[in-house]
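The structure appears right after this line, and notes come after that.
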Amino acid sequence: MSRLNNAVDKLNNAVAASPVGSWFRLDGSGHPRSRIGSRFTTEIRAGLTTFAAMAYIISVNASILSDTGGTCVCQPTAGDPICANSADYAACKEIVRRDLITTTAAASCLASVLMGLVANLPVALAPGLGLNAYFAYSVVGFNGTGKITYREALAAVFMEGWLFFILSLLGIRQWLARIIPKSLTLATGAGIGLFIALIGLSPNGLGAVGGDYVNLVGLGGCPAQYADPEHTSYCLSHVLQSPTMWLGIFLGGIITVLLMMYRVRGAIIIGIFIVSIISWPRRSNVTLFPHTDQGDANFDFFKKVVNFHKLEKIGNAADFNYRSGQVWLALITFLYVDLFDTTGTLYAMAKFADLINPKTRDFEGSTLAYCVDAFSISMGSLMGTSPVTAFIESSVSYGGRTGLTAVTAGMAFFVAIFFAPIFASIPSYATGGALVIVGSLMARNVAEINWRYMGDAVPAFLTLVIIPYTYNIAYGLITGIISYFLLNTIPWAIRKLTRGRISPPGYEVRRQWSIPEDGLLPLWMYVLISSDFSLSTRLVDSRTDSFPCL
Numbered sequence: 041m042s043r044l045n046n047a048v049d050k051l052n053n054a055v056a057a058s059p060v061g062s063w064f065r066l067d068g069s070g071h072p073r074s075r076i077g078s079r080f081t082t083e084i085r086a087g088l089t090t091f092a093a094m095a096y097i098i099s100v101n102a103s104i105l106s107d108t109g110g111t112c113v114c115q116p117t118a119g120d121p122i123c124a125n126s127a128d129y130a131a132c133k134e135i136v137r138r139d140l141i142t143t144t145a146a147a148s149c150l151a152s153v154l155m156g157l158v159a160n161l162p163v164a165l166a167p168g169l170g171l172n173a174y175f176a177y178s179v180v181g182f183n184g185t186g187k188i189t190y191r192e193a194l195a196a197v198f199m200e201g202w203l204f205f206i207l208s209l210l211g212i213r214q215w216l217a218r219i220i221p222k223s224l225t226l227a228t229g230a231g232i233g234l235f236i237a238l239i240g241l242s243p244n245g246l247g248a249v250g251g252d253y254v255n256l257v258g259l260g261g262c263p264a265q266y267a268d269p270e271h272t273s274y275c276l277s278h279v280l281q282s283p284t285m286w287l288g289i290f291l292g293g294i295i296t297v298l299l300m301m302y303r304v305r306g307a308i309i310i311g312i313f314i315v316s317i318i319s320w321p322r323r324s325n326v327t328l329f330p331h332t333d334q335g336d337a338n339f340d341f342f343k344k345v346v347n348f349h350k351l352e353k354i355g356n357a358a359d360f361n362y363r364s365g366q367v368w369l370a371l372i373t374f375l376y377v378d379l380f381d382t383t384g385t386l387y388a389m390a391k392f393a394d395l396i397n398p399k400t401r402d403f404e405g406s407t408l409a410y411c412v413d414a415f416s417i418s419m420g421s422l423m424g425t426s427p428v429t430a431f432i433e434s435s436v437s438y439g440g441r442t443g444l445t446a447v448t449a450g451m452a453f454f455v456a457i458f459f460a461p462i463f464a465s466i467p468s469y470a471t472g473g474a475l476v477i478v479g480s481l482m483a484r485n486v487a488e489i490n491w492r493y494m495g496d497a498v499p500a501f502l503t504l505v506i507i508p509y510t511y512n513i514a515y516g517l518i519t520g521i522i523s524y525f526l527l528n529t530i531p532w533a534i535r536k537l538t539r540g541r542i543s544p545p546g547y548e549v550r551r552q553w554s555i556p557e558d559g560l561l562p563l564w565m566y567v568l569i570s571s572d573f574s575l576s577t578r579l580v581d582s583r584t585d586s587f588p589c590l
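For the sequence shown, the working numbering gives the first residue as 41, with consecutive numbering after it.
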């Protein structure tokens with residue numbers, strides 16, 4: 041064991057002394073801003089652990105986005121207006137799902153490697169949950185029944201990425217994130233969590249919840265032969281008797297939570313693969329490959345195991361017309377949600393890694409990190425996927441401190457590209473439990489909402505419930521912003537008119553809101569436009585930004 045430890049120490053020291061160590065600022069590299077405690081082997085291990093923790097997104101993202109039908113064209117009939125029972129359309133959707141397996145892994149690889157190499161942050165990126173659900177079910181719709189087409193939605197994502205790039209470069213993105221009331225940002229995250237959990241329980245996941253002829257929703261989970269042939273999400277009888285649903289609940293849900301309780305790394309992907317492996321034999325009641333034409337085709341693809349699947353349907357498919365107002369509404373919503381999602385995640389990861397400047401509340405490499413994220417969003421749209429974002433599963437908690445961790449995770453996603461047949465053979469009931477679990481983790485934000493003051497609590501609650509009830513993040517955000525403005529502006533005006541004599545009960549415990557006092561522009565712009573070099577030096581010493589830290 042001592043020989044092994046000595047060999048590891050020798051390797052760590054050798055890498056730290058190399059140009060690689062200097063670039064990533066490993067401990068012992070001699071760089072003036074080296075990351076204390078960062079060692080080569082620790083960074084590699086953290087990167088692989090990060091991949092294991094977030095690899096579930098490969099199959100989950102493909103499952104969610106393929107529900108739109110992608111670029112497949114539906115030929116409606118009188119009895120089947122949305123091609124829900126069309127064998128040809130189902131076969132096309134399966135090709136789209138395989139394309140999305142490749143796309144998700146490729147986009148995650150590109151974004152994570154860039155984040156590591158350019159921004160030197162231990163943060164991995166991939167298509168985000170919540171945004172992909174909004175993209176699929178609110179914007180494009182099931183089988184393309186939404187307000188805009190898949191191609192138009194990709195164009196909205198592409199434009200969002202470049203707008204984000206400009207906003208990030210000018211520092212506006214970081215500034216906007218600080219002016220939105222905290223209660224709304226917390227409620228948005230929790231509302232998206234409920235939205236994701238509802239998808240996990242729906243027929244596109246576990247199938248435990250479905251349509252109802254009397255109520256808004258009802259119990260599902262019936263075997264296929266007992267579903268309404270015209271409305272497959274409605275059960276005629278035998279609810280909660282589907283063997284695949286119970287397989288997903290117990291092995292993909294309960295077992296996964298138990299593993300997480302004991303802090304088993306990669307618990308979510310372990311649960312997904314347990315359910316999937318049980319579903320692969322063709323002679324079981326829960327098989328993913330029934331003896332049908334489509335089942336035979338899927339099984340033939342699965343048997344390839346290692347195969348590079350070329351994009352057939354969704355590569356470079358964006359429609360850049362921007363004619364519809366709905367495209368711009370989707371773009372604005374993507375901007376808003378991504379603003380808080382990625383900004384909040386990057387800030388949390390940087391804080392955990394002790395990279396935050398306490399004076400400015402900014403972190404080293406922030407501008408470059410936001411620009412990399414924005415660039416990855418646009419590149420991901422060209423590959424055919426919804427917005428890419430930073431993942432909270434990133435490796436800071438596993439000991440990662442530098443971009444070498446993100447590069448390692450990105451290379452693991454690169455390897456996953458060649459295992460498309462495996463990831464394409466993961467059933468929706470295997471990922472449904474994972475969606476519910478991730479949703480529950482996101483819902484923890486409600487504990488930080490200020491429930492003591494109605495002006496904070498009611499807008500947050502409306503945001504929280506409108507998102508899952510309408511299947512639309514945009515509606516929840518709009519409701520929250522309008523209600524917050526009314527419920528806080530009116531009491532403020534009354535206090536001003538009465539010189540503080542009339543205030544609502546609990547006004548003193550409200551969460552204070554104000555426009556940030558620090559400058560709007562990022563440090564690199566102050567340095568660029570300033571001819572006073574002493575001012576530039578003082579700014580560099582007092583503030584942390586990416587460009588001076590290169």
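The C-beta atom is built at its ideal place from N, Cα and C for all residues, glycine as well. Nothing here was measured: the structure is a model prediction, and the numbers come from that model.
Asked	Found
Alpha-carbon spacing of V498 relative to E352, whole angstroms	47 Å
Presumed contact (8 Å Cβ cut-off) between L238 and P461, rounded CB distance	The pair is not a contact, with the Cβ atoms about 30 Å apart (cut-off 8 Å).
Simplified DSSP state of C275, which is helix, strand or coil	strand
Bridge partners - A357, DSSP secondary structure assignment	Partner(s): none; A357 has no beta bridge.
Three-state secondary structure (DSSP) of V297	helix
Presumed contact (8 Å Cβ cut-off) between T228 and V377, rounded CB distance	7 Å
Proximity to R138 [Cα-Cα], best of G233, N347 and S208	N347
Any non-hydrogen atom of the ligand COA closer than 7 Å to S282 Cβ	In the structure shown, the ligand COA is absent, as is every other ligand, since no ligand is present at all.
Nearest-angstrom Cα separation, counted from G473 out to I289	6 Å
CA-to-CA distance, V113 to G264, given in whole angstroms	It is Ala, not Gly, that sits at residue 264 in the sequence shown. Approximately 25 Å, taken between the alpha carbons.
Whole-number beta carbon distance between S418 and W202, since they are thought to touch under 8 Å	6 Å
Burial state of A357 (16 or more Cβ within 10 Å)	buried
Inter-residue spacing [alpha-carbon to alpha-carbon] between D359 and I188	11 Å
G184 versus T284 - alpha carbon distance	27 Å
Three-way DSSP call (helix, strand, coil) for L590 in this model	Because L590 carries a pLDDT of 40, less than 50, the predicted location of this residue cannot be relied on, and no value is offered for it.
Inter-residue Cα distance where the pair is A145 and M94	11 Å
E404 classed as buried or exposed, judged by whether at least 16 other C-beta atoms fall within 10 angstroms	buried
For V345, the three-state DSSP class (helix, strand or coil)	coil
Beta-carbon proximity of H71 to S78, cut-off 8 Å	no
Euclidean distance between Cα positions of A193 and W553	34 Å
Segment limits, beta strand (DSSP E) that includes L165	L165 to P167
Residue burial classification, G186 (beta-carbon count within 10 angstroms, cutoff 16)	buried
Exposure of R322, with buried meaning 16 or more beta-carbon neighbours within 10 Å	exposed
Exposure of P167, with buried meaning 16 or more beta-carbon neighbours within 10 Å	buried
Beta-carbon proximity of V100 to L169, cut-off 8 Å	yes
Contiguous beta strand (DSSP E) assignments of at least 3 residues, all confined to the region 153 to 218	165 to 167
Distance between C411 and Q334 (C-alpha atoms, nearest Å)	43 Å
Proximity below 8 Å, CB of S468 to CB of S103	yes
Alpha-carbon spacing of A307 relative to S273, whole angstroms	29 Å
For N490 and R535, believed in contact at Cβ under 8 Å, the rounded distance	With 8 Å as the limit, R535 and N490 do not qualify as a contact, their Cβ atoms being about 18 Å apart.
Range of the contiguous beta strand (DSSP E) that encloses A429	Checking the sequence, you will find Thr at residue 429 rather than Ala. Segment V428 to A430, the beta strand (DSSP E) holding T429.
A54, DSSP secondary structure in three states	helix
As assigned by DSSP and simplified to three states, the class of V249	strand
Buried or exposed by the 16-neighbour rule on C-beta atoms within 10 Å, applied to L256	exposed
Inter-residue spacing [alpha-carbon to alpha-carbon] between I513 and I220	16 Å
Per-residue burial, V447 [other beta carbons within 10 Å of its own, 16 or more giving buried]	buried
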